[in-house]
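S.K.:
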Amino acid sequence: MTFTFVRRYFIPRLIQYFLVIFLGITAVFFIPRFAPTDPVQRTIAELRSRGTYLDPATVQNMIDDLRELYGLGGSWLEQYGTFWKRVFTGDFGISFFQFPTPVIDLIRTALPWTLSLLILTTMLSWVIGNVIGGVAGYFARNRWLRTLDAIAMVIRPMPYYIFALALLILFTYVLRWFPIAGGTAVGRKVAFNLDFILDVLRHAFLPALSLVILGGAIWFQTMKLIVQNINAEDFVQYAQLGGIKERRIVFRYVIRNAMLPQITGLALSLGQILSGALITEIVFSYPGLGTLLFHAIITGDYNLIMGITAISILAITTMILVIDLLYPLLDPRVKYR
Amino acid sequence: MSVLTAEKLKSFYVLDILGAEKVVKAVNEVNLEIRENEIYGIAGESGCGKTTLLKALYASIEPPLRLISGRVFYVRDSQEIDVYSLSKEEKRRLRWEYIAYIPQGAMSVLNPVIKLKQTYRDFLDSHVAGKTKKEAFDMTREHINKLGLPAKILDAYPHQLSGGMRQRVTIALAALLKPRIMFADEPTTALDVVVQRGVIQLLKGIQEILGNTIVLVTHDMGVHANLTDRIGIMYAGKMIEEAKTEEIFGNSLHPYTQYLINSLPKFGDKGSRESAPGSPPSLVDLPSGCPFHPRCPYAFDICTEQMPEFLDVGNHHKVACWLMKEGKDAIAS
Amino acid sequence: MVRVVKDLFKDYRFAFSFSIFCLLVIFAALSTFSPYDPTFWFHAPRNLPASWTHFLGTNSKGQDIFWQATFAIRNSLIISVIAGVVSRVIAVLVGLVAGYRGRTTDRVLMFISDGLLVMPLFLIIVLLAMLVRERMNLVNLGLLLAFFGWAWDARVIRSQVLSLREREFTQTAILSGTGTLKLVIKEYLPFVTPLVFSTLINNMSWAIGMEITLSIVGLTNMDIPTLGTMLQWAISYQSLLLGLWTWLLTPVILSIFLFIALYWLSVSISEYLDPRTRVQRVGEK
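Residue numbers (this note's numbering), protein chains in the order written: chain A, 109 to 445; chain B, 225 to 557; chain C, 166 to 450.
#1: For a contact meaning CB atoms closer than 9 Å, what does B/Phe347 contact in chain A?
#2: Let's see if you can read the secondary structure: which residues bound the beta strand (DSSP E) around B/Met406?
#3: Could you tell me which of A/Tyr435, A/Thr426, A/Leu437 sits nearest to A/Ile123, measuring between CA atoms?
#4: Assign C/Lys450 to buried or exposed, taking buried as 16 or more other Cβ atoms, counted over all protein chains shown, within 10 Å of its Cβ.
#5: Would you say C/Leu360 reaches chain A, if we count a Cβ-Cβ gap shorter than 8 Å as a contact?
#6: Take B/Ile258 as the anchor and find which of B/Cys545, B/Cys272, B/Glu359, B/Val296 has the nearest alpha-carbon.
#7: Closest to A/Phe200 by CA distance: which of A/Gly415, A/Phe286, A/Ala366, A/Arg355 is it?
#8: Return no unless some Cβ of chain B is closer than 8 Å to the Cβ of A/Asn250.
#9: How would you label C/Met369, buried or exposed, when you count the other beta carbons within 10 angstroms and need 16 or more for buried?
#10: For B/Tyr381 and chain A, any beta-carbon pair shorter than 8 Å?
#11: Would you mind telling me which residues of chain A sit closer than 8 Å to C/Tyr428, beta carbon to beta carbon, in chain order?
#12: Measure from the C-beta of C/Phe424 to each C-beta in chain A and report whether the shortest distance is under 8 Å.
#13: Taking all protein chains shown into account, do 16 or more other C-beta atoms lie within 10 angstroms of the C-beta of C/Ile191, making it buried, or fewer, making it exposed?
#14: Beta-carbon of C/Val417 versus every beta-carbon of chain A: anything under 8 Å?
#15: Could you work out which residue in A/Tyr394, A/Ile413, A/Leu429 is closest to A/Pro220 when comparing CA atoms only?
#16: I'd like the list of long-range same chain contacts for A/Leu214, defined as Cβ closer than 7 Å, with 5 residues on each side in sequence excluded.
#17: Spatial neighbours of B/Lys232 within its chain, please: C-beta separation below 7 Å, excluding the five flanking residues on both sides.
#18: If you measure between the beta carbons of B/Gly456 and B/Glu466, is that distance less than 8 Å?
#19: Let me make sure I understand the geometry here. Which of A/Leu185, A/Thr280, A/Gly237, A/Ile357 has the alpha-carbon closest to that of A/Leu322?
#20: State the CB to CB distance for the pair C/Asp229 and C/Tyr201, rounded to an integer number of angstroms; the pair is presumed to be in contact (CB under 8 Å).
#21: Taking all protein chains shown into account, decide if B/Ala556 is buried (16 or more other Cβ within 10 angstroms of its Cβ) or exposed.
#22: Whose C-beta lies closer than 7 Å to the C-beta of A/Ala218 among residues of the same chain, with five residues either side of it excluded?
#23: Residues in the same chain with beta-carbon distance under 7 Å from A/Gln348, minus the five sequence neighbours each way, listed in chain order, please.
#24: Within the continuous beta strand (DSSP E) that includes B/Gly176, where are the two ends?
#25: Any Cβ of chain B within less than 8 Å of the Cβ of A/Arg254?
#26: Looking at B/Val333 and A/Pro440, is the spacing between their C-beta atoms short of 8 Å?
#27: For a quick check, are the C-beta atoms of C/Ala399 and C/Gly249 less than 8 Å apart?
#28: How many whole angstroms separate the CB atoms of C/Trp412 and C/Ser404, which I take to be in contact at a CB cut-off of 8 Å?
#29: Roughly how many whole angstroms lie between the Cα atoms of C/Gly393 and C/Arg298?
#30: Measure from the C-beta of C/Arg268 to each C-beta in chain A and report whether the shortest distance is under 8 Å.
#31: Shorter than 8 Å from the beta carbon of B/Ser179 to some beta carbon of chain A?
#32: Could you name the residues of chain B that A/Asn365 contacts, counting a contact when the two beta carbons are closer than 8 Å?
#33: Just the C-alpha distance for C/Leu115 and A/Gly408, rounded to the nearest angstrom, thanks.
#34: Nearest chain D C-beta to C/Val246 closer than 8 Å, yes or no?
#35: Return the chain-ordered list of same chain residues with a C-beta closer than 6 Å to the C-beta of B/Met406, the five sequence neighbours on each side being excluded.
#36: Using a 10 Å radius around the Cβ and a threshold of 16 neighbouring Cβ atoms, would you call B/Ala554 buried or exposed?
In structure tokens, the structure reads:
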């Protein structure tokens with residue numbers, strides 16, 4: 109790998125990466141500052157409503173401490189500085205929803221659930237959708253594949269929420285095959301034995317199915333379109349003229365080339381896919397960031413929402429960077445100038 | 225001995241543009257006989273149907289192109305094979321082993337994401353079973369070297385090579401399995417003259433080594449002069465003249481051919497060049513009778529009514545022109 | 166124009182989706198004849214099954230489901246139209262300016278646009294929606310969604326402008342003294358309009374999807390009947406467990422039809438506009 113390549117390809121992307129994170133998190137900092145409600149006052153009110161008596165001096169101390177905790181002390185510039193210092197230590201403040209648990213702890217518990225669901229379903233839907241879409245695009249006249257396309261035409265426009273809801277109604281109420289909610293049976297402890305894993309799988313199956321089918325439909329259709337264009341490319345026609353075995357043409361000539369724009373497409377859609385995963389989690393009360401977000405919105409817990417948003421932005425931009433860096437390995441035209 | 229014959233070949237493009245059907249008569253009843261151990265050239269202007277003819281002869285017809293009528297025979301081991309009656313798999317097996325195709329724009333026909341040695345291996349594996357990776361690579365390298373190309377290009381990706389080099393790689397690829405017939409569609413177009421020479425040498429070299437047949441399609445008469453033994457002239461989907469190369473250049477009989485030859489510059493000749501007046505007809509809207517009659521200086525009444533037959537007028541020189549029958553006197557006068 | 170529509174109808178997807186969409190619009194227009202005010206509760210007995218007086222029954226809030234649904238569709242469509250149209254305007258402006266100006270303006274605009282494309286918009290919209298929660302209504306929601314829906318199409322329009330810029334007629338216009346603004350609007354707009362139309366439909370679909378999703382987390386105005394709020398009320402009143410199927414399924418099925426109709430419309434229109442796919446459509450008989 110030459111130095112010019114590193115310079116021309118890697119460096120701009122790294123710069124962009126940091127710039128986006130910086131701007132995104134700054135936005136996350138500023139937006140809640142415009143909130144009409146003051147979280148400190150709300151916390152005090154909440155505590156009062158639980159029936160404790162607080163004398164004015166204590167209240168004033170609490171206000172100061174809370175201001176400190178919520179990062180609201182000092183001028184905006186000072187707040188901004190404190191905010192960044194804390195972000196680097198992963199301190200997103202205290203949650204209102206589960207006062208006084210730190211936001212980062214809540215996120216830490218929920219994150220593995222979301223990440224595992226997200227990564228698994230994204231990879232599955234991408235690979236399956238692309239392969240079937242590629243085959244469908246090549247054998248455009250095959251009846252089975254055309255029915256698949258018709259099915260995809262019906263599934264694809266569904267928003268994540270509606271589709272997840274439909275699956276929920278169908279499989280948990282009507283058919284009663286799967287549990288209604290949660291990640292595991294209530295009260296179960298995390299343990300790495302077969303029992304636990306099966307239980308997790310049973311609970312995760314429907315949200316995963318929802319994401320894989322919906323995502324798969326999208327990759328299927330976009331791949332089919334790309335392949336239809338690639339079919340007309342000179343090198344595919346040539347391979348056919350040369351009598352190369354059809355299976356090899358489909359995989360090494362058509363799909364291998366059509367995959368490349370799909371990799372870029374994956375990088376671009378990660379934001380949407382993550383949003384969709386969070387929404388799906390809400391429908392199934394799956395114990396990931398989605399459900400956490402739901403509770404945060406209901407209780408007006410700005411810190412928690414900010415934390416989730418910041419982590420999400422970080423996760424997505426990092427994944428995009430990784431994909432960007434891996435792309436040259438797959439497209440020799442980029443690697444060798 | 226003929227190695228490929230075409231009988232009354234008709235192949236049209238049937239298009240449906242916004243509700244109206246349009247038929248492009250690209251190959252409009254062609255009869256051909258191509259012999260072994262020769263280089264046969266097909267000449268004509270752009271859009272006269274040369275590439276479609278090659279596709280029809282190669283039996284590579286996909287909608288909207290259709291075979292309307294006619295048959296194509298390959299002769300293999302003294303046996304005639306009706307190509308259009310073969311199954312898809314039988315056709316596939318013939319390809320590359322018996323007959324190979326170098327398409328137009330050969331510079332962009334290589335799979336951009338795999339190395340050249342992999343491409344060669346794909347062609348090899350699809351027709352010859354049981355070669356290990358190393359055996360395939362050795363065969364390929366030997367083949368490349370024999371044709372005068374450097375072996376290190378096999379480790380390259382297509383975009384790393386120049387257009388001319390890719391062209392030669394594609395030609396060498398066509399010769400890989402030593403086919404009896406090779407089709408070359410405009411192999412020298414869009415290349416500079418030095419590279420053109422390299423391509424011409426390569427084709428000549430292959431033909432000499434393998435002793436096979438090359439069908440060369442190009443509008444460049446200079447290439448025909450350099451390479452071919454016989455030439456067939458196409459006009460508006462029909463074969464209008466066919467003869468030995470020397471005959472075509474020195475004693476062409478069809479008015480169109482005469483215009484074609486006369487328009488070529490010669491050394492030392494500073495006079496003005498004259499080409500056929502008007503332009504080639506649209507293949508959708510062909511004139512009646514002989515398609516050349518609107519531009520022909522000798523056109524008679526019969527030329528507007530009937531298409532002349534493709535007749536042998538001696539010395540294996542075939543022409544499709546009413547002049548041969550009716551007008552010998554007319555020319556004289 | 167008539168011929169274009171006739172041609173479009175040859176595609177079964179367009180015919181089907183166009184009819185469904187018209188039906189839904191008619192359904193929405195029916196809301197003007199509603200005998201009930203949609204914001205009132207208890208104008209009918211609760212939880213009645215479907216009957217001739219109440220076509221789809223009533224819900225736990227004592228409202229007639231059928232007439233609620235007419236309002237729901239009407240309001241959802243209004244939101245999506247506002248979001249779609251405003252975001253088209255932004256997309257066209259950004260795309261035209263970025264494509265024509267180039268250089269720094271282009272890079273800055275595209276950086277913003279790409280940022281919006283790549284971010285998890287749901288989270289950002291949630292944050293903003295929480296701020297304006299108090300004053301959320303149809304128009305505000307539409308505008309909020311419009312603010313985020315222009316990014317993709319701005320890029321598409323920009324590439325169209327880039328290719329137009331290289332064409333001869335641009336040079337001719339410049340040489341004949343046409344000002345930049347006039348040039349861009351008069352000459353480029355006709356090329357850009359078909360693009361705008363097909364993306365408008367997509368955007369409307371996205372807006373409705375967003376509206377429904379936001380309703381589930383309680384960030385839209387629950388008093389205004391939309392597909393999303395209707396669904397949310399049904400869920401929060403445990404319609405699933407209580408077996409109040411018409412209440413739950415009406416918004417679900419209506420929105421499914423709406424999404425399919427909008428999607429098929431946009432696909433058939435954009436395939437019609439793209440010359441490559443149009444030839445493909447007809448070449449095989």
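Backbone N, C-alpha and C fix where the C-beta goes; we use that ideal spot for every residue, glycine too.
Given the structure is predicted, the values throughout are model-derived calculations rather than measurements.
M.R.: A quick look at the data gives this:
#1: Ala347, Gly350, Gly351, Ile352
#2: 405-409
#3: When each option's Cα is compared against that of A/Ile123, the closest is A/Thr426.
#4: With a pLDDT of 35 at C/Lys450, under the threshold of 50, the predicted position of this residue should be treated as unreliable, though the coordinate-derived value follows. Under a 10 Å Cβ-count criterion, C/Lys450 is classified as exposed, with fewer than 16 other Cβ atoms of the shown protein chains found around its own Cβ.
#5: no
#6: B/Val296
#7: With distances taken between Cα atoms, A/Phe200 lies closest to A/Gly415.
#8: no
#9: buried
#10: yes
#11: Those within 8 Å of C/Tyr428 in chain A are Met261, Arg264, Pro265.
#12: yes
#13: exposed
#14: yes
#15: Nearest C-alpha to A/Pro220: A/Tyr394.
#16: Ser203, Gln206, Leu400, Leu412
#17: Glu253, Asn255, Ser293, Gly294
#18: yes
#19: A/Gly237
#20: A Cβ-Cβ distance of about 6 Å is found for the pair C/Asp229 and C/Tyr201, placing them in contact under the 8 Å criterion.
#21: Legend: pLDDT at B/Ala556 = 47, less than 50; position of this residue unreliable, value from coordinates given subsequently. B/Ala556 comes out exposed.
#22: Pro395, Gly396, Leu397, Leu400
#23: For A/Gln348, where only same-chain residues beyond five positions count, the Cβ hits under 7 Å are Ile357.
#24: Since the displayed chain B opens at 225 and closes at 557, residue 176 of chain B lies outside it and no answer follows.
#25: no
#26: no
#27: no
#28: 5 Å
#29: The alpha-carbon separation between C/Gly393 and C/Arg298 amounts to approximately 16 Å.
#30: no
#31: Given a span of 225 to 557 for chain B in the structure shown, any question on residue 179 of chain B remains unanswerable.
#32: Asn335, Pro336, Val337
#33: Look at the range of chain C in this structure, 166 to 450, and you will see that residue 115 of chain C is not part of it.
#34: No chain D is part of this structure, whose protein chains are labelled A, B and C.
#35: Cβ within range, chain order: Ala324, Ala398, Ile438.
#36: Any answer about B/Ala554 is weak, because its pLDDT of 49 lies below 50 and its placement is not dependable; what the coordinates show is given next. That one is exposed.
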